[in-house]
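One structure is given here, and the rest of the page talks about it.
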Amino acid sequence: MKRLLLIVTALVALLPLRTFADEALDGFKKEVAAVKAFSDDMDKKAKEDPYIVFKLFGDLAAKIGAVETDDLPADIKEPWEAFAEITEKMAAVIGEFPKDRAELEKKANDNATMEAFSKKMEALTAEMKPHLAKLKAASTKYSIPALAEMGPKP
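Mapped onto my numbering, the consecutive letters of the sequence shown carry residue numbers -3 to 150.
Here it is as C-alpha cells:
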C-alpha cells in the first residue's frame, strides 16, 4: 500500500511539470504565429516599397526576441534564442543605415556600401542556418508549422 501511495504521489507531483511544458508550448505557438504574421505583412509591404524593410526589421527582431522561452524544451529554446540573437545582430547592421528616406536611397544605391552590407548579412545568415535547421526539426516534432518558416527568405 505504501508503495502504491508513493507511486501515485510521484505521478501527481509530475503532472504540474507536464502542464507547465504544455502551457509554454501553447504560448510559444501563439507568439511564433504572431511573429510570422508580422513577417508576412512586412514582406507584403516590401513588394510595394523595398525600403520598408529598413524601417520594420528592428520591430521584427524585437518581436522575435520578446518571445517567451521559459519552460520550453531545450530543442526549441536553444535554437530560438540563438535565432533571436542573430536576428538582433542583423537589425543592428540594418540600423546602420540612415533613417531619412533620401539618404537611405543614396546609401542603398552605393555599390561599396551594399557590398559591405551584403557580406555582413550573408555571414549572419550562415551563422543562423544551423539554428534554423533545428527549429525546422522542432516544428515537425511539436506541430508548429510557422516555426519551419522562420529566417531569411531566399
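Just so it is clear, CB atoms sit at the ideal spot from N, CA and C, and this is done for glycine as well. Quick caveat: nothing in here was measured; it's all calculated off a predicted structure.
For residue i, three-class secondary structure by DSSP
i	result
N107	helix
G23	helix
D67	coil
K137	helix
P126	helix
K32	helix
K115	helix
D18	helix
Start and end residues, alpha helix (DSSP H) containing residue i
i	result
L56	48 to 62
D71	70 to 91
Proximal residues to residue i (C-beta, below 6 Å), its chain only, five neighbours per side dropped
i	result
A58	none
F53	A87, I90
D39	none
When the options are compared against residue i, the one with the closest alpha-carbon
i	options	result
P69	P126, Y138, K43, G147	Y138
A62	E123, D71, Y47, E81	E81
T65	L128, E111, A108, G23	G23
Beta-carbon contacts of residue i that lie in its chain and below 7 Å, excluding the five residues immediately before and after
i	result
S135	P141, L143, A144
T121	P148
F50	I90, F93, L100
Contacts around residue i, its chain only, beta-carbon distance under 8 Å, and the 5 residues preceding and following it disregarded
i	result
D151	Only positions -3 to 150 of the chain appear in the structure, and residue 151 is not among them; the question remains open.
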